[in-house]
Amino acid sequence: LVQVSKTVPRRLLLALPLISALLAVGSEAQATKSAVFGTDPHGHPISTLAGPGARVVVLFFAASDCPIANRYVPEISRLTKEFAANPPGTGDVRFWWVYPNPGDTAQVVAGHNRDYAITADTILDPRQSLVHLAHATVTPEVAVFLVEGRELHEVYHGRIDDRYISLGQERPHAEHHELEAAIVAALAGKPVPQPGGPPVGCSIVFLQK
Amino acid sequence: MKALRALALLPLLATFGMLLVHQSVQAHAPAAAPPSGQEPWSTSQTLPSKSTEPSASSPTWSHDIAPVLYKNCTTCHHPGGAGPFSLLTYADARRRAPQILDATQSRFMPPWLPEPGYGDFAEVRRLSDDDRALLKRWIDAGAPEGDLKSAPHAPHYDATWQLGKPDLVLETAQPFTLPAAGTDVFRNLILPNPLKETRYVRALEILPTPAGVVHHANLLIDRTGSLRGHHPADWQSGIPGMELLMDAGNRFDPDSHFLFWKPDTRALVEPDGMPWRLDPGNDLVLNIHMKPSGKQETVTAKVALYFTPDPPTHLPMLLQLDADDKLNIPPGDSNFVVEDSLTLPVDVEALGVYPHAHYLGRDMQGWAILPGGEKKWLVWIKDWDINRQSVYSYREPLLLPAGTVLHMKYTFDNSAENPHNPHLPPVLVRAGNRSDDEMSHLWLQVLPVNTAPNPPDPRLLLEEAWMRNRLAKSPDDEVSLYNLAAALSGQGKFAAAAALYEQELKLEPNSARTLTALGAALEGAGQLDKAENRYRSAIAAASPADSSGCDARFDLAQLSLRRNDFPTAENESRALLSTCPEDAESRSALGAALLGEGKIEDATHEFHRALELDAKTFAALYNLGAMAADAGQPDQAVTLLEAAVSGLPASPDAHEKLAVAYAQSGRLPDALAQLRIAARLAPSDAQTHFSLSQVLDAQGQSEEAFAELKQALQLDPQNADGWNNLGALLARGGQIEAARAAYQRALAIQPDHAQARANLARLPAAQH
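Quick mapping for you: the protein sequence lines, in order, are chains P and H.
According to our numbering, the first sequence holds residues 2 to 210 in order.
According to our numbering, the second sequence holds residues 2 to 769 in order.
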């Protein structure tokens, strides 16, 4: 098992089962067919986050009913386009929209993606394994991982930019595009700058135990 | 009885009032940094696990929290409501518990900016300390549900109109496409109204679709459709901008109501006796502030109007204090203070206040110093936020006697530390119309009280004081010069008004509207040649493509009528009708000109055409009524003149003509009543007193008849009929010598006065 703390970036293996929200580092035999990262809106299991050639994975935690998360859809779409690859899924950066809330069922998410013209890869995370992986607490929030061999190495998590300072405290437009800077630094192999403030939005609805 | 007067009794058509409609519209607002020592609130707290057992004393949703949410939150936060999510059910509240905690503890929600204790407002949205503490204890305890059976019933929210079926629904001409992303959007959507006659609006509701993207809205009344006129090609798609300059038209009727909409006050109900007027041809302009939602939105809006048959009995007015002239905020200055003050010329009651600034505003204070020195707070906002701006109504009207000085003091923060600063690094900011310019406005709705029984309208005095205050700050402000001149004109101070219009013309030399207004002021001052000259200049200066010369043409036609120059009046009326849109008053002006020229049939035709266009056209009703009376058709005359009197009760001539018609019908008491009204309205009109004496005499009230006759002859000593009548009254009373003198006076004035001669002959010979 990989121990995770706030100060030490986590390491995990790609495409391996998550057990009770902890990441297992196991043998090839353990990491195969069963879906471990949730499903796409059509119910197909997602078994790998980094496609061939991907050097950076970005998870964007979203909620269909969170106004601030929705207001960030154009910004995330902009970044997705900026780092887009052709054909999709083969580039340096792999973006995922992650819906962790229990109310965001496949049907709800499909409708939401249609309304907001979201065409990027989407994961439903009903067991919130990715939430725990990324230590996400609210939507919108992002996590950036470096792909190192079979491991994902988290280098950034938190807000997308500094437009929202707190609930009700909002700049006319963002001054610091922190997620974008983090991706650029990660791709360049440079130290990744960290967010200058907490993420602002709607609490993720945590599963009741 | 008085000869038929062909002159239409229209009030002077002074182009009245170019009202600044500032109701600006903005984007965000600065909010102060959290107090030191306190964590900036984020939404990252999570709920304690539900397994935490609530203690016996823990509040529960069913028992404690639902009532608080239903009272304070669900007006907006219900399915389909303006709030971004619902808080109607336990599941909703639990889902949002962390945000509820953040938003209420920081007082971000419910939205309420005024500091308690500085202005006593109605419908206070501020959450009580007890309720805040209760919410915190509930969330700390794990947001327990409690016994659902004991929970109150959830309120029901109707998706359509709160006040029931509207009398009229107006809808935006075209949907507005709000982009998915970007800064806030301000748009003016124009809603023409289909009314054929004036209505009085007692309430309105605004329903934007989709709910949630419209932050707030101001509904403005464009009396002349001027905004649409300036954007003939594209008004349907809405007009950008925050501060609109509209042409208020020719009638002094200053903006009087805050038609301000925010999501939690959908229905706007005016106090009794204070509906606002909506005329045919008025446009409503919905000035909306929208926030991009993340997806492209198709925004439409409906405005529902509820009418009352009764015109307003109380006429409030909006006043504005501002220090925009002093806004010159250096970059980096976190404490830039401006002030303004205004002394009230009349007693008023303050009904509501609307403070307004843009992104840099922080602390906003308004107060009044009463003549005795007492200080009354109007409002204090310590942490301005344009996103949560509102109009605040006082719980009780606030009496501010004449001599009260209104004050405003606003503080702006143009430092980089102000998160709402649109410029990083900060730049010099001045007053202006764009969202990243600034404003410093304090609007106050006031109702004049303890009003003197006679004119001038106290609102003219308020307008005068306000405009003088604006000119003291900005001497070359064209709008202030124009409006001050109009306010003086309205008070009958024509010479002073004309001087101000002249001053305004130096700034704007070829303005047809100012030349027209100047002509009207000169006409009021009795300088008819000069007035005519200015009207002709206005017609020459006006663009042939639009209607800017029509007022001058109309006034010129009226002036010719006034001078009994009927051929010119006819020519000008015909020019008016051929170059400007046909309206009832132009038609009846032509009718009056033809009548003056003795072309009775043609005149009758024009008056009837005028009444087809507007059945209440006063001059047409009056003149047709007077013609009927003269033609010995008293029934028809009574009908027409009663309508004329009810349309313009301030016209003494209409009352007098109606009295004639009543008298012809044998209705002497009714005739007497009308004449008494006429005498009250125009005490120095000799003819009214002659008529009064005749009616009184016919009713056997000889003494009063005698008094009225003497008063009439004092006013008009050259009236031979009057002296003859006086002689008859005296002779009947046995005062033979006095009667003889009166008849002789009549004959001295008019030697061929047959009746006086016959009366004199009938007197007993003089005793020597």
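Here a beta-carbon is modelled for each residue, glycine too, at the ideal position from N, C-alpha and C.
All figures in this text were calculated on a predicted structure; none of them were measured in a lab.
Would you mind working out which of the options sits nearest residue i, comparing C-alpha positions?
i: P/Gln-170; options: P/Val-148, P/Val-201, P/Glu-149, P/Tyr-157; result: P/Val-201
i: H/Pro-545; options: H/Lys-263, H/Pro-195, H/Ser-107, H/Thr-580; result: H/Thr-580
i: H/Ala-630; options: H/Glu-657, H/Thr-405, H/Asn-283; result: H/Glu-657
i: P/Pro-199; options: P/Leu-188, P/Leu-180, P/Leu-134; result: P/Leu-180
i: H/Ile-382; options: H/Ser-391, H/Ala-532, H/Glu-643; result: H/Ser-391
i: H/Ala-522; options: H/Ser-394, H/Ser-512, H/Arg-535; result: H/Arg-535
i: H/Trp-236; options: H/Pro-195, H/Thr-173, H/Asp-556; result: H/Thr-173
i: P/Ala-63; options: P/Gly-159, P/Ala-189, P/Gly-44; result: P/Gly-159
i: P/Ala-118; options: P/Gly-104, P/Val-206, P/Glu-76; result: P/Glu-76
i: H/Arg-575; options: H/Ala-594, H/Gly-734, H/Pro-209; result: H/Ala-594
i: H/Met-409; options: H/Gln-504, H/Val-380, H/Ala-144; result: H/Val-380
i: H/Ala-497; options: H/Ala-526, H/Met-275, H/Lys-617; result: H/Ala-526
i: H/Ala-1; options: H/Asp-753, H/Thr-605, H/Arg-758, H/Pro-752; result: Because residue 1 of chain H is not part of the residues shown, which for chain H are 2 to 769, the question remains open.
i: H/Leu-260; options: H/Val-354, H/Ala-621, H/Pro-398; result: H/Val-354
i: H/Trp-378; options: H/Leu-401, H/Pro-111, H/Gln-665; result: H/Leu-401
i: H/Ala-83; options: P/Phe-38, P/Pro-68, P/Val-143, P/Ile-166; result: P/Pro-68
i: P/Pro-42; options: P/Ser-48, P/Ile-205, P/Gln-108, P/Ser-167; result: P/Gln-108
i: H/Pro-145; options: H/Glu-505, H/Asn-720, H/Tyr-91; result: H/Tyr-91
i: H/Val-69; options: H/Trp-139, H/Tyr-119, H/Phe-109; result: H/Trp-139
i: H/Asp-180; options: H/Asn-189, H/Val-214, H/Phe-187, H/Glu-298; result: Going by the sequence as given, residue 180 of chain H is Pro instead of Asp. Per the Cα distances, H/Glu-298.
i: H/Leu-169; options: H/Ser-561, H/Val-304, H/Gln-446; result: H/Val-304
i: H/Ala-721; options: H/Asp-753, H/Phe-619, H/His-154, H/Glu-709; result: H/Asp-753
i: P/Pro-141; options: P/Glu-155, P/Ser-167, P/Ala-186; result: P/Ser-167
i: H/Asp-698; options: H/Gln-719, H/Ile-601, H/Leu-716, H/Ala-729; result: H/Ala-729
i: H/Asp-141; options: H/Leu-89, H/Ser-441, H/Gly-165, H/Ser-59; result: H/Ser-59
i: P/Glu-152; options: P/Val-185, P/Ala-175, P/Arg-56; result: P/Arg-56
i: H/Arg-188; options: H/Tyr-158, H/Ser-238, H/Gln-688; result: H/Ser-238
Need the endpoints of the beta strand (DSSP E) that residue i sits in, please.
i: P/Val-57; result: 57 to 62
i: H/Tyr-360; result: No beta strand (DSSP E) holds H/Tyr-360; DSSP gives it neither H nor E.
i: P/Ala-109; result: At residue 109 of chain P the sequence reads Val, which differs from the Ala that was named. Note, P/Val-109: premise wrong, no beta strand (DSSP E); alpha helix (DSSP H) at 107 to 116.
i: H/Leu-443; result: 441 to 449
i: H/Thr-299; result: 298 to 309
i: H/Gln-321; result: 318 to 323
i: H/Asp-341; result: 337 to 344
i: H/Ser-685; result: Counting along the chain, H/Ser-685 falls outside any beta strand (DSSP E), and DSSP gives it neither H nor E.
So the alpha helix (DSSP H) residue i belongs to, where does it begin and stop?
i: H/Leu-503; result: In the sequence as displayed, the identity of residue 503 of chain H is Glu instead of Leu. Run containing H/Glu-503: 495 to 508, per the alpha helix (DSSP H) assignment.
i: H/Phe-817; result: With chain H covering only 2 through 769, there is no way to say anything about residue 817 of chain H.
i: H/Gln-1; result: Any answer about residue 1 of chain H is impossible in this case: the structure gives chain H only from 2 up to 769.
i: H/Arg-746; result: 737 to 750
i: H/Leu-730; result: 721 to 733
i: H/Gln-275; result: One detail in the question is off: residue 275 of chain H reads as Met in this sequence, not Gln. No alpha helix (DSSP H) contains H/Met-275, which DSSP labels as neither H nor E.
i: H/Ile-101; result: 98 to 106
Contact defined as beta carbons within less than 8 Å: I believe residue i pairs with residue j. What is the distance between those atoms, to the nearest angstrom?
i: H/Leu-269; j: H/Ala-351; result: Not quite, the Cβ-Cβ distance comes to about 18 Å (not below 8 Å), so this is no contact.
i: H/Val-286; j: H/Ile-191; result: 6 Å
i: H/Tyr-395; j: H/Asp-636; result: Contact doesn't hold; Cβ gap of about 53 Å is too wide.
i: H/Pro-346; j: H/Leu-462; result: 4 Å
i: H/Trp-162; j: H/Glu-206; result: 6 Å
i: H/Ala-532; j: H/Gly-550; result: So it is not a contact: roughly 16 Å between Cβ atoms.
i: H/Arg-200; j: H/Asp-284; result: Contact flag wrong, Cβ pair sits at about 15 Å.
i: P/Val-206; j: P/Pro-46; result: Not quite, the Cβ-Cβ distance comes to about 22 Å (not below 8 Å), so this is no contact.
So if DSSP puts residue i in a beta bridge, which residue, or which two residues, is it bridged to?
i: H/Trp-113; result: Answer by DSSP bridge pairing: none, since H/Trp-113 is not bridged.
i: H/Met-247; result: Beta-bridge pairing links H/Met-247 to no other residue.
i: H/Phe-261; result: H/Asn-219
i: H/Lys-377; result: H/Ala-369
i: P/Cys-203; result: P/Thr-140
i: H/Pro-293; result: Partner(s): none; H/Pro-293 has no beta bridge.
i: P/Gln-170; result: P/Ser-167
Tell me whether the stretch 461 to 468 of chain H and the stretch 359 to 371 of chain H touch, counting them as touching only if at least three CB pairs, one residue from each stretch, are closer than 8 Å. no
Given 8 Å as the limit, is there contact between the stretch 63 to 70 of chain H and the stretch 149 to 168 of chain H, that is, 3 or more CB pairs closer than that? yes
For the stretch 313 to 321 of chain H against the stretch 220 to 232 of chain H, do three or more pairs of beta-carbon atoms, one drawn from each stretch, fall closer than 8 Å, so that the two count as touching? no
The stretch 194 to 201 of chain H contacting the stretch 322 to 342 of chain H, beta-carbon criterion three pairs below 8 Å: no
Pairs of beta-carbons, one from the stretch 673 to 689 of chain H and one from the stretch 658 to 665 of chain H, closer than 8 Å: are there three or more? yes
Taking 8 Å as the threshold, find out whether the stretch 504 to 518 of chain H comes into contact with the stretch 553 to 560 of chain H through three or more Cβ pairs. yes
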